[in-house]
Amino acid sequence: DTEVTQTPKHLVMGMTNKKSLKCEQHMGHRAMYWYKQKAKKPPELMFVYSYEKLSINESVPSRFSPECPNSSLLNLHLHALQPEDSALYLCASSQQGATEAFFGQGTRLTVV
Amino acid sequence: GEDVEQSLFLSVREGDSSVINCTYTDSSSTYLYWYKQEPGAGLQLLTYIFSNMDMKQDQRLTVLLNKKDKHLSLRIADTQTGDSAIYFCAESLPSGGSYIPTFGRGTSLIVHP
């Protein structure tokens, strides 16, 4: 299994909603990442978890709240988002110290 | 994306070779990557090169690295319509035991018959 699975694939939410994005991998990777990609832009790093602990937060607003409940699962909790938060949210994972990061297919989020 | 520069578009005829270029700024980058993104999809790692190498070949793909000029290129031989996608160059530095890619803006490759 060399997949990173993200659910849902698409999500539309209102500005007062609370929702969560889910990412799962069963490759035994101990580093997991959230990236945000706006249309026609490169992916930008948001968070890095290493051994289930948050190791990097790229000054992301608190309306985005990551969670790593176990070594296979990474969540991104969303609350009070703005329309400009609409983007493709990509999850990735890698072995600690490895050169390759494997990406999921992303969740396309639209905030209305 | 500001530290990694790529041209935005490349158009080639099917069967020709494509060359996508990238420049990066951080001379301490350890690994340099090429990712492919098809419309509406995630990122697929195509290949990567360690910074002490100057060339890597993998089937139709050839990566050239000029570390002095901080220039990376990806050559796709015999380009096919299925190669149409956005190609991202990325550099990485070690961070807490991981290598976290930082992406360029991406080059849209359009392959026409």
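Residue numbers (my numbering), protein chains in the order written: chain H, 17 to 128; chain F, 1043 to 1155.
All residues carry an ideal CB built from backbone N, CA and C; glycine is no exception.
Item, Value
"Helix, strand or coil, according to DSSP, for Ser1100(F) in the structure here?", "The identity of residue 1100(F) in the sequence shown is Asp, whereas the question assumes Ser. Note: Asp1100(F) maps to strand in three-state DSSP."
"Kindly list, in the order they appear in chain F, the residues whose Cβ is closer than 9 Å to that of Thr115(H).", "Thr1072, Tyr1073, Tyr1075, Tyr1090, Phe1092, Ser1134 and Tyr1141"
"Beta strand (DSSP E) containing Leu1087(F): first to last residue?", "Leu1085 to Phe1092"
"From the beta carbon of Phe1130(F), is the nearest beta carbon of chain H less than 8 Å away?", "yes"
"What residue range does the beta strand (DSSP E) around Lys54(H) cover?", "Run containing Lys54(H): none; DSSP gives neither H nor E here."
"Would you mind stating whether Leu1087(F) and Met1097(F) have Cβ atoms separated by less than 8 Å?", "no"
"Using beta-carbon positions only, say whether Met43(H) and Tyr51(H) come within less than 8 Å of one another.", "no"
"Which chain H residues are close to Gly1084(F), counting only those with a beta carbon under 7 Å from its beta carbon?", "Leu106, Phe119, Gly120, Gln121 and Gly122"
"Output yes or no for whether 8 Å exceeds the beta carbon distance between Gln53(H) and Cys39(H).", "no"
"Applying the 10 Å Cβ sphere with the 16-neighbour rule, what's the burial state of Asp1100(F)?", "exposed"
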